[in-house]
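Novice: One structure coming up, written as structure tokens, with questions to follow.
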Amino acid sequence: MPTVLIVEDERDIREVLRRYLERSGLSVLTTASGAEALRLLASADLVLLDLGLPDIDGTELLREIHLREKLPVIVLTARSTTEDRIRGLELGADDYVTKPFSPHEVVLRVQAVLNRLGEKPADGGVVTYGQDRLRIDETAHRVWLDDRPLDLTPTEWGLLSAIAAAPGRVYSRYELVNRVRGYEYEGYERTIDSHIKNLRRKLGPTGADVVETVLGVGYRLGLRRDESS
Ligand code: CA
């Protein structure tokens, strides 16, 4: 049973989320403190993180979580401006919920992220692109570019894996949201751009041709799939 760690200093929100998540069959850990959250990371599969914590800056904690454990993080916040939203995603959050939110919606998002992590493609194995330049291990969710392993967040992984499914085909932002989230969410399309930006930064200058932008349409993989793979 996957375990969700709720890091939230408002007791009412913490408890309502715990109830909903437990009812949906998940195991739940909670804490009001950022320091304790760091100690609990090893026992969690996903973190629901309130950015406004009393003892530590939430964005700082988000960074720490990604340094220590590669866990998916869904950010909970009262901050609702576009800049804050984009900033959270740039820091590597996998999803973003603005307060006040419906607990049911949070459960759906948690499930979507967990499902994505648990997906195992039928054929599995490593597929290579661009004459072995890009290597994608669908089973282990690992990626190498020119023999260099890339450290991707679950969302970045999902985006790359989605466009690599049919190299050359253009995927719209709307389609990508659905592929990586597993459900439709109006307004999320813009945030795809910031995840792509992060992905490109990790691909680096030598990988500049891997993800192509098709203006006004979306994104596609710029490499061909190798025949032998
Ligand atoms: Ca708070």
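In this note's numbering, the protein residues as written are 5 to 233.
Glycine is no exception: its CB is placed at the ideal position from the N, C-alpha and C atoms.
1) Within a Cβ cutoff of 8 Å, which residues of the same chain sit near R18, ignoring the five residues on either side of it in sequence?
2) How about D302 and K206: are their beta carbons less than 8 Å apart?
3) What distance in whole Å lies between the Cβ atoms of G222 and S176, which are believed to be in contact at a cut-off of 8 Å?
4) Would you mind stating whether R173 and R204 have Cβ atoms separated by less than 8 Å?
5) Does the pairing of the segment 64-80 with the segment 44-52 give three or more beta-carbon distances under 8 Å?
6) In this structure, what does DSSP give as the bridge partners for T195?
7) Using a threshold of 8 Å, state whether the C-beta atoms of V117 and S28 are closer than that.
8) Taking just the CA atoms, how far does D98 sit from A39?
9) Excluding sequence positions up to five away, which residues of its chain have a Cβ less than 8 Å from the Cβ of T210?
10) Have a look at G208 and V20 and give me their C-alpha separation to the nearest angstrom.
11) Nearest to E14 by CA position, among R23, L42, P58, L44, is which residue?
12) Let's test the definition: count the other Cβ atoms within 10 Å of the Cβ of K231 and tell me whether it reaches 16, buried, or not, exposed.
13) Helix, strand or coil for E216 per DSSP?
14) Could you give the first and the last residue of the continuous alpha helix (DSSP H) run that contains T35?
15) Quick one: does the C-beta of L65 sit closer than 7 Å to a heavy atom of ligand 1?
16) Since M5 contacts L45 with CB under 8 Å, what's their CB separation in whole angstroms?
17) Taking a cut-off of 5 Å, which residues have a beta-carbon closer than that to any heavy atom of ligand 1, in chain order?
18) On a Cα-Cα basis, can you pick out the residue from E109, L121, L25, R22 that is closest to T143?
19) What residue does the beta strand (DSSP E) around T159 start on, and which one ends it?
20) Can you give me the C-alpha to C-alpha distance between K74 and P153, rounded to a whole angstrom?
21) According to DSSP, is P107 helix, strand or coil?
Specialist: Judging by the given coordinates:
1) Only I10, E12, T34, A36 meet the Cβ criterion.
2) The structure shown does not extend to residue 302, since the chain spans only 5 to 233, so no value can be given for it.
3) That pair is a contact at about 4 Å.
4) Result no, Cβ atoms of R173 and R204 do not sit closer than 8 Å.
5) The segment 64-80 and the segment 44-52 touch, with no fewer than 3 CB-CB distances between them shorter than 8 Å.
6) None, per the DSSP bridge assignment.
7) No, the Cβ-Cβ distance between V117 and S28 is not below 8 Å.
8) If you take the alpha carbons of A39 and D98, they lie about 21 Å apart.
9) Contacts found: L149, D150.
10) Rounded to whole angstroms, G208 and V20 show a C-alpha spacing of 42 Å.
11) Answer by Cα proximity: P58.
12) Lys is not the amino acid found at residue 231; the sequence shown has Glu there. It is exposed - the Cβ of E231 has fewer than 16 other Cβ atoms within 10 Å.
13) In the structure shown, E216 falls within a strand segment according to DSSP collapsed to helix, strand and coil.
14) T35 -> not in any alpha helix (DSSP H); beta strand (DSSP E) instead, spanning 31-35.
15) No, since every heavy atom of ligand 1 falls outside the 7 Å radius drawn around the Cβ of L65.
16) Contact flag wrong, Cβ pair sits at about 18 Å.
17) Those residues are D13, D54, G56, given in chain order.
18) Scanning E109, L121, L25, R22 for the CA closest to the CA of T143 turns up L121.
19) No beta strand (DSSP E) holds T159; the alpha helix (DSSP H) holding it covers 158-168.
20) Using only the alpha carbons, I get a separation of about 15 Å.
21) Three-state result, P107: helix.
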